[in-house]
Amino acid sequence: MKPSLLDFTQKELMEQIKPSFRVKQIYGWLYHHYAQDFDAMKNIPKAMKEELSQNFVVNPLRIKNKEESTDGTIKYLLELQDGKTMEAVWLKMKDTQHDTNGIVIQEAKYTICVSTQVGCKVGCTFCLTAKGGFTRDLTAGEIVAQVVALKRDNDHKHNRKINIVYMGMGEPLDNLDNLAKAIEIFKEEEGLCIGGKRQTVSTSGLSNKIDKLGAMDLGVHIAISLHAVDDKLRTELIPMNKAHNISSIIEAVKRFPIDTRKRVMFEYLVIKDKNDDLGSAKKLVKLLTDIKAKVNLIYFNPYPGTEYKRPTRADMVSFQEYLINHGLLCTIRDSKGIDISAACGQLKEKTEGEL
Ligand code: SAH
Ligand code: SF4
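Residues 74 to 428 (our numbering) make up the sequence shown, in order.
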């Protein structure tokens with residue numbers, strides 16, 4: 074597989090491609106016009122494009138399938154150069170708002186959810202991605218290309234702000250080097266210009282890698298997929314909890330460099346009759362006492378063959394009220410795209426029927 078131009082920062086491209094003003098032009102084609110091939114780069118000489126195409130591809134993936142929900146969520150199945158597939162999701166967070174004269178006072182806001190691996194090694198028992206096992210890490214360019222492809226497909230102008238969440242398929246911290254490179258490329262001022270504050274890395278809790286990510290000082294947020302308050306249940310849900318137990322994760326979070334105005338997000342997947350009781354809520358409050366945390370409750374999204382069940386709305390709400398009444402910030406993730414294949418791995422499964 075040839076590397077993609079999206080694998081490199083502008084500086085790295087300048088080391089490989091001369092003269093450097095051409096790299097600036099190419100960068101514009103990649104990140105302002107979302108060029109998919111060398112042909113689109115009108116002001117680059119033909120001979121140079123021919124030479125570049127010997128060594129690089131422009132775009133390392135294509136849209137294989139997409140499903141659009143009535144709430145504006147679009148789920149994409151993306152195919153890589155080697156035919157492997159993974160998912161990315163376009164989420165509409167807020168609608169455009171107008172004042173009484175019809176003037177736009179707030180632009181619509183979007184978040185892109187990206188994958189970091191094809192499959193996943195962590196093997197969570199509730200997760201459809203885990204069922205297909207692990208295939209391979211994504212390259213930095215394949216991570217970056219997801220955002221470029223989705224912005225292009227939705228005609229999202231390059232200078233409009235966007236948030237990125239690393240919550241698609243795979244465990245981001247299990248592919249830390251490529252993740253860190255992608256974060257840097259997203260941040261490039263002459264590129265997509267998506268700052269660290271607009272990027273959130275979600276992890277199942279590899280505590281040593283949380284420390285490594287913190288030491289890189291990339292300015293990103295972290296979200297911890299906690300899901301359980303005692304190690305027995307957590308190990309049942311996330312087998313690698315044996316090696317990275319709850320207290321090791323809490324300690325790593327306390328060491329992580331966080332903007333003092335921000336909070337660490339703890340994701341809590343609520344599964345009926347497993348972790349939806351108020352006893353668990355009480356333990357959760359205790360566990361997070363010393364941390365500037367916010368909790369995001371997620372409905373378990375069932376799929377054929379799973380033994381786990383979606384919790385009732387009443388249990389979700391009482392869990393949330395308990396946390397709020399005990400001083401924790403807590404939201405319930407609205408089930409965006411519930412009418413399409415919303416949970417991680419479901420569009421891939423539906424399209425390919427691999428399992
Ligand atoms: N590997 C990382 C990021 C990708 S998973 C992590 O685990 O944090 C992103 C989120 O999807 C996780 O919080 C995970 O718990 C959630 N998820 C996985 N399967 C789900 C399902 N069936 N229903 C609802 N959320 C699910
Ligand atoms: Fe991997 Fe996250 Fe799914 Fe667990 S929930 S198997 S860590 S993708």
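A virtual CB, placed ideally from N, CA and C, is assigned to each residue, including glycine. Values in this document were obtained by computation on a predicted structure and should not be read as measured data.
Euclidean distance between Cα positions of residue i and residue j
i, j, result
"PRO92", "SER320", "52 Å"
"ILE371", "PRO245", "19 Å"
"GLN89", "THR82", "11 Å"
"SER142", "THR404", "22 Å"
"ILE237", "CYS186", "6 Å"
"VAL358", "ASN398", "10 Å"
"LYS230", "PHE392", "40 Å"
"GLU427", "ASP210", "Its pLDDT being 43, under 50, GLU427 is placed unreliably in this model, and the value from its coordinates should be taken loosely. Going by the C-alpha atoms only, they are around 19 Å apart."
"PHE199", "ALA253", "27 Å"
"ASP112", "PHE129", "13 Å"
"ALA108", "VAL131", "8 Å"
"THR308", "ASN314", "5 Å"
"GLY278", "PRO118", "48 Å"
"PRO312", "THR202", "15 Å"
"LEU134", "ALA218", "7 Å"
"LEU86", "LEU78", "8 Å"
"ASN369", "TYR341", "6 Å"
"GLN272", "LYS234", "11 Å"
"ILE344", "ASP350", "10 Å"
"ASN348", "ARG406", "16 Å"
"LEU125", "GLY292", "33 Å"
"ASP284", "LYS382", "34 Å"
"LYS115", "GLU152", "26 Å"
"MET338", "LEU401", "11 Å"
"LYS137", "ALA161", "11 Å"
"ASP80", "TYR100", "12 Å"
"SER280", "LEU306", "18 Å"
"VAL390", "LYS355", "14 Å"
"LEU168", "ALA181", "What sits at residue 168 in the sequence shown is Asp, not Leu. Cα to Cα, ASP168 sits roughly 4 Å from ALA181."
"MET289", "THR276", "16 Å"
"VAL195", "ASN248", "12 Å"
"ARG386", "LEU310", "22 Å"
"ALA325", "LYS270", "19 Å"
"GLN154", "VAL191", "13 Å"
"THR146", "PHE329", "32 Å"
Beta-bridge partners of residue i, as assigned by DSSP
i, result
"TRP163", "ILE147, ILE185"
"VAL274", "TYR239, ILE295"
"ARG209", "VAL191"
"ARG135", "GLU152"
"TYR372", "VAL343"
"GLU141", "ILE147"
"HIS106", "Looking at the DSSP assignment, HIS106 forms no beta bridge with any residue, so it has no partner."
"THR198", "In DSSP, THR198 forms no bridge with anything."
"VAL177", "HIS171"
"THR404", "ASN369"
"THR158", "GLU152"
"SER77", "VAL130"
heavy atom of the ligand SAH below 7 Å from residue i C-beta
i, result
"SER353", "no"
"PHE49", "Because residue 49 is not part of the residues shown, which for the chain are 74 to 428, the question remains open."
"GLU309", "no"
"ASN374", "yes"
"ILE371", "yes"
"SER275", "yes"
"LEU211", "no"
"GLU160", "no"
"LEU286", "no"
"HIS300", "yes"
"LEU151", "no"
"ILE240", "Residue 240 is actually Met in this sequence, not Ile. MET240 Cβ: within cutoff of the ligand SAH."
"LEU164", "no"
"GLU124", "no"
"GLU380", "no"
"GLN342", "Before going further, note that residue 342 is Leu rather than Gln in the sequence given. Under cutoff, so the answer is yes."
Item to complete: Report all residues for which the CB-ligand distance to some heavy atom of the ligand SF4 is below 7 Å; order them along the chain.
Response: CYS193, VAL195, GLY196, CYS197, CYS200, THR202, ALA203, MET242, GLY243, GLU244, SER277, SER298, ILE311, CYS417
Worksheet item: Enumerated in chain order, which unbroken segments of the beta strand (DSSP E) with a length of 3 residues or greater are wholly contained in the segment 296-369?
Response: 337-343
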